[in-house]
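**Student:** In our numbering, the protein residues as written are 19 to 282.
Quick one: the structure is below, questions incoming.
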Amino acid sequence: MSAAQDPVDAGEPTGLLVDALPAPVVPVIELDDVRKTYRSGELAVDALRGVSLVVEGGEYVAVMGPSGSGKSTLMHILGCLDVPTSGTYRLAGEAVDRMGEEELAHVRNRRIGFVFQQFNLLPSLSALDNVALPLVYADVERSRRTERARASLERVGLGNRLTHRPGELSGGQQQRVAVARALVTEPDLILADEPTGNLDSTSASDVMALIGEVHASGRTVVLITHDRDVAEAAERTVHLLDGQVSSTGVAGTPANRPGGEPRG
Ligand code: ADP
Ligand code: MG
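Structural data, given as structure tokens:
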């Protein structure tokens, strides 16, 4: 655009002053009235019925709810694995709700680190190669990939397990590899779906401590869990019921502190 076409109001400050202002901070997640209807033949299931949610950068949010309440559906939409039937989703300011498969895959790789209940590591690859994989898709050059994957594994305390394959690691270690893989692209959002669901209690608290460190280092974390103890690690809990947000609470308030209300 030429200077003559520049629409900046003559009365507004321009040049250095404008350039010096920090970029506006946008929320990592902005969901507005998101609905998701699954259709098979005549049957329609309204899995999400108008969910609005804002998660700011650096927040740690747990999503809870009974089976069938829409947690997985929400996780798929937040993770750009699926798109809403209606409503809008902006991820780090970018409208992703109408993107096609290819664009979504690109956004996923660039902006989201996933941690799944089943770890989802490739059994034939070493820990190092598993962690480096998202960088392959991001077109990072090989030596740089190895360097960053090693740093990420060191970060989760597995610098001495680089060449081990998943089958040669404990469940807790495999989930640490998965966290290292989620971090290696330096994503805007870490999305964890029941990350402790397949772990014994010691490994589970280990992995939760690690996710806590990840949050403390400034990352935005959204954790999906049915486990109240796991959800308590978060700063804020969003409860889903029948595809709608039923309540939001802040961890440490009487409603979700141990003993604050009956568990179960
Ligand atoms: P949660 O993870 O909380 O258990 P889901 O998001 O998996 O809940 O499911 C919400 C509702 O949507 C349920 O009634 C479920 O049966 C339905 N549902 C989920 N996935 C599909 C699908 N692919 N096709 C049809 N219905 C689905
Ligand atoms: Mg589910």
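We put the CB at the ideal spot given by N, CA and C, even for glycine.
My guess is that R166 and V202 are in contact by the Cβ rule of under 8 Å, so how many angstroms apart are they, rounded?
**Tutor:** 6 Å between Cβ atoms; contact.
**Student:** Just to check, is the beta-carbon of L92 closer than 8 Å to a non-hydrogen atom of the ligand FAD?
**Tutor:** The ligand FAD is absent from the structure shown, which contains only the ligand ADP and the ligand MG.
**Student:** So, helix, strand or coil for Q262, using DSSP?
**Tutor:** Correct three-state label for Q262: strand.
**Student:** Which same chain residues end up closer than 7 Å to Q23 when comparing Cβ atoms and leaving out the 5 residues on each side of it in sequence?
**Tutor:** Low confidence applies to Q23: its pLDDT is 49, below 50, so where it sits in the model is not reliable, and the reading given next is rough at best. For Q23, where only same-chain residues beyond five positions count, there are no Cβ hits under 7 Å.
**Student:** Please confirm whether any heavy atom of the ligand ADP lies closer than 8 Å to the CB of P213.
**Tutor:** No, the ligand ADP has no heavy atom inside 8 Å of this Cβ.
**Student:** Compute every distance between the C-beta of L258 and the non-hydrogen atoms of the ligand ADP, then say whether any falls below 8 Å.
**Tutor:** True, at least one ligand heavy atom lies under 8 Å from that Cβ.
**Student:** Is L109 buried or exposed, if buried means 16 or more other CB atoms sit within 10 Å of its CB?
**Tutor:** By the neighbour-count rule (16 or more Cβ atoms within 10 Å), L109 is buried.
**Student:** What does a CB cutoff of less than 8 Å around G282 pick up in its chain, not counting 5 residues either side in sequence?
**Tutor:** At G282, the pLDDT of 39 sits below 50, so the modelled position is not reliable; the number obtained from the coordinates is stated separately. Excluding sequence neighbours, G282 sits near nothing in its chain.
**Student:** So, at 7 Å on beta carbons, what are the nonlocal neighbours of P152 in its own chain, with the 5 sequence-adjacent residues on each side left out?
**Tutor:** So the qualifying residues of the chain are N127, R199, V202, T203.
**Student:** What's the gap between the Cα of A249 and the Cα of D50?
**Tutor:** Using only the alpha carbons, I get a separation of about 23 Å.
**Student:** Quick one: using the 10 Å Cβ neighbour count with 16 as the cut-off for buried, is S85 buried or exposed?
**Tutor:** It counts as exposed.
**Student:** Just the Cα atoms here: how many angstroms apart are G76 and G59?
**Tutor:** Roughly 42 Å separates the two Cα atoms.
**Student:** Could you tell me whether the Cβ atoms of L99 and V69 are closer together than 9 Å?
**Tutor:** It is not a contact, given that the beta carbons lie outside the stated cut-off.
**Student:** Write down every uninterrupted run of the beta strand (DSSP E) in the stretch 36-73 whose length is 3 residues or greater and which is fully enclosed by it, in chain order.
**Tutor:** Segments of the beta strand (DSSP E) lying fully in the stretch 36-73: 47-58, 61-73.
**Student:** Considering only residues of the same chain and omitting the five flanking positions on each side of G236, which have a CB-CB separation below 6 Å?
**Tutor:** Here the set comprises G76.
**Student:** Give the DSSP-derived three-state secondary structure of V114 in the structure shown.
**Tutor:** In this structure, V114 counts as coil in the three-state DSSP scheme.
**Student:** Pick from V73, E253, P213, V263: whose alpha carbon is nearest that of V43?
**Tutor:** Of V73, E253, P213, V263, the residue nearest in Cα terms is V73.
**Student:** Can you determine whether any heavy atom of the ligand MG sits closer than 8 Å to the C-beta of K89, and answer yes or no?
**Tutor:** Yes; taking the cut-off as 8 Å, the Cβ of K89 has a heavy atom of the ligand MG nearer than that.
**Student:** For the stretch 238-245 against the stretch 210-227, are there 3 or more C-beta pairs whose distance is under 8 Å?
**Tutor:** Yes, they touch.
**Student:** Let me know the secondary structure DSSP gives S104 once reduced to three states.
**Tutor:** Three-state DSSP puts S104 in a strand.
**Student:** In whole angstroms, what separates the C-alpha of H124 from that of Q193?
**Tutor:** Those two C-alpha atoms are separated by around 24 Å.
**Student:** Is V52 near the ligand ADP, judged by its Cβ being under 8 Å from some heavy atom?
**Tutor:** The answer is no for V52.
**Student:** At the level of alpha carbons, what is the spacing between R129 and A62?
**Tutor:** For R129 and A62, the distance between alpha carbons rounds to 31 Å.
**Student:** According to the Cβ coordinates, are G175 and R168 closer than 9 Å?
**Tutor:** Cβ atoms of G175 and R168: not closer than 9 Å.
**Student:** Taking Cβ positions, are L171 and V149 nearer each other than 9 Å?
**Tutor:** Against a cut-off of 9 Å, the Cβ pair of V149 and L171 comes out as a contact.
**Student:** Return yes when at least one heavy atom of the ligand MG lies under 8 Å from the C-beta of S144, else no.
**Tutor:** No, Cβ of S144 sits at least 8 Å from all heavy atoms of the ligand MG.
**Student:** Please tell me whether G88 and F132 are closer than 9 Å, where the distance is taken between their beta carbons.
**Tutor:** No, the Cβ-Cβ distance between G88 and F132 is not below 9 Å.
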